[in-house]
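Okay, structure first, notes after.
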Amino acid sequence: MAELAAEAGITVRTLRFYRERKLIPPPRREGRVAWYNEHHLARLHTIAALLERGHTLGGIAELLAAFESGRDVGELLGLEDTIVAPWSEETPVRLTPEELADHFSGDVTVENLATSLDIGYLAVDGDEFVHISRRLLDASTELVAAGVPLAAVLDAGRQVRVHADALADIFTTLIRTHVLSDVLERAAAGRPPGPREADRIAETMEKLRPLSKGVLEAELSMAMDRRTRRELDHWLGAREAGGAAAEPGTQSEDGAAGGAPAPRDRD
Numbered sequence: 004m005a006e007l008a009a010e011a012g013i014t015v016r017t018l019r020f021y022r023e024r025k026l027i028p029p030p031r032r033e034g035r036v037a038w039y040n041e042h043h044l045a046r047l048h049t050i051a052a053l054l055e056r057g058h059t060l061g062g063i064a065e066l067l068a069a070f071e072s073g074r075d076v077g078e079l080l081g082l083e084d085t086i087v088a089p090w091s092e093e094t095p096v097r098l099t100p101e102e103l104a105d106h107f108s109g110d111v112t113v114e115n116l117a118t119s120l121d122i123g124y125l126a127v128d129g130d131e132f133v134h135i136s137r138r139l140l141d142a143s144t145e146l147v148a149a150g151v152p153l154a155a156v157l158d159a160g161r162q163v164r165v166h167a168d169a170l171a172d173i174f175t176t177l178i179r180t181h182v183l184s185d186v187l188e189r190a191a192a193g194r195p196p197g198p199r200e201a202d203r204i205a206e207t208m209e210k211l212r213p214l215s216k217g218v219l220e221a222e223l224s225m226a227m228d229r230r231t232r233r234e235l236d237h238w239l240g241a242r243e244a245g246g247a248a249a250e251p252g253t254q255s256e257d258g259a260a261g262g263a264p265a266p267r268d269r270d
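First residue of the sequence shown? That's 4 in the working numbering, and the numbers climb one at a time after it.
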């Protein structure tokens with residue numbers, strides 16, 4: 004007990020008090036000897052960090068009980084609100100079945116409804132539908148109005164979702180590896196960030212949100228430019244090839260085929 008207290012930077016009396024309040028688990032006993040390990044030390048670091056953030060011992064006991072029931076350290080200490088705060092700014096839209104049909108000009112079939120529910124674009128709430136995003140709803144409506152079948156729009160949406168998840172994995176890996184690696188390691192070991200570090204994390208995440216969106220918008224815009232140029236070059240190339248193929252069959256000014264001069268009558 005004395006060694007554990009010294010390692011944690013507290014007194015033996017404080018450690019005993021924590022034991023009485025059941026803030027730390029009991030030690031492993033061998034006869035009259037009580038053995039503490041790194042898990043007890045990590046718990047003491049967690050308690051110290053929570054006290055620093057203004058939690059009471061009663062509140063800490065509740066948090067630790069919740070932790071032992073399966074909730075993670077980030078959720079308990081407010082890191083979840085910092086790291087998992089919504090990156091999107093999407094606004095859900097409530098629609099009656101009639102309003103949904105109006106958006107898609109009668110293209111709302113059972114199959115399309117099932118696909119929308121499967122992707123997660125739509126959810127059912129009582130007698131109404133809830134679309135996950137005003138922007139996605141407006142984009143889908145415009146595409147259908149332009150002549151794209153709703154089934155094709157939904158298939159494209161499913162493919163975009165796959166690529167979007169892959170891009171999110173890239174950004175998440177960058178943040179986890181180069182921004183939050185030390186914080187996550189300490190939190191997993193029971194040493195959560197203090198108020199200043201938590202504020203720094205929140206500030207960093209706020210800066211990263213618009214940066215990630217800016218990168219994706221720039222890359223998508225340039226990719227569309229490249230693809231449009233390739234499509235145009237392909238179209239122009241096919242057009243020129245078609246024109247060249249037609250040359251042998253053209254008529255000259257004299258009316259002869261193939262461009263050769265027409266024979267003239269002799270006197």
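We put the CB at the ideal spot given by N, CA and C, even for glycine.
Source: prediction; values computed, not measured.
The C-alpha of LYS25 lies about 15 Å from the C-alpha of ARG31. Residue state for ARG35 is assigned as coil, using DSSP reduced to three classes.
The three-state reading of DSSP puts ALA149 in coil, since its state is none of H, G, I, E or B. With 16 or more other Cβ atoms from the protein chains shown falling within 10 Å of its own Cβ, ILE63 counts as buried. According to the DSSP assignment, PHE132 belongs to the beta strand (DSSP E) that extends over 131–134. Per DSSP, reduced to three states, the secondary structure at LEU219 is helical. Counted as a single uninterrupted DSSP element, the beta strand (DSSP E) harbouring ASP128 occupies residues 125–128. Look at the beta carbons and you see the stretch 172–180 not touching the stretch 127–145: under three pairs across the two are nearer than 8 Å. For LEU157, same chain residues with a beta-carbon under 7 Å away, outside a window of 5 residues either side, are ASN115, THR118, SER119 and ILE122 in chain order. Separation of ALA205 and SER184 (C-alpha to C-alpha, rounded to the nearest whole angstrom) is 15 Å.
One Cα belongs to ALA149, the other to TRP90, and the distance between them is close to 30 Å. In this structure, HIS48 lies away from ARG203, with their beta-carbon atoms at least 8 Å apart.
Between VAL186 and THR207, the C-beta spacing is not below 8 Å.
In this model, PRO100 and LYS210 are separated by some 40 Å (Cα to Cα). Nearest C-alpha to GLU41 among ASP228, ALA8, THR94 and ALA52: ALA8.
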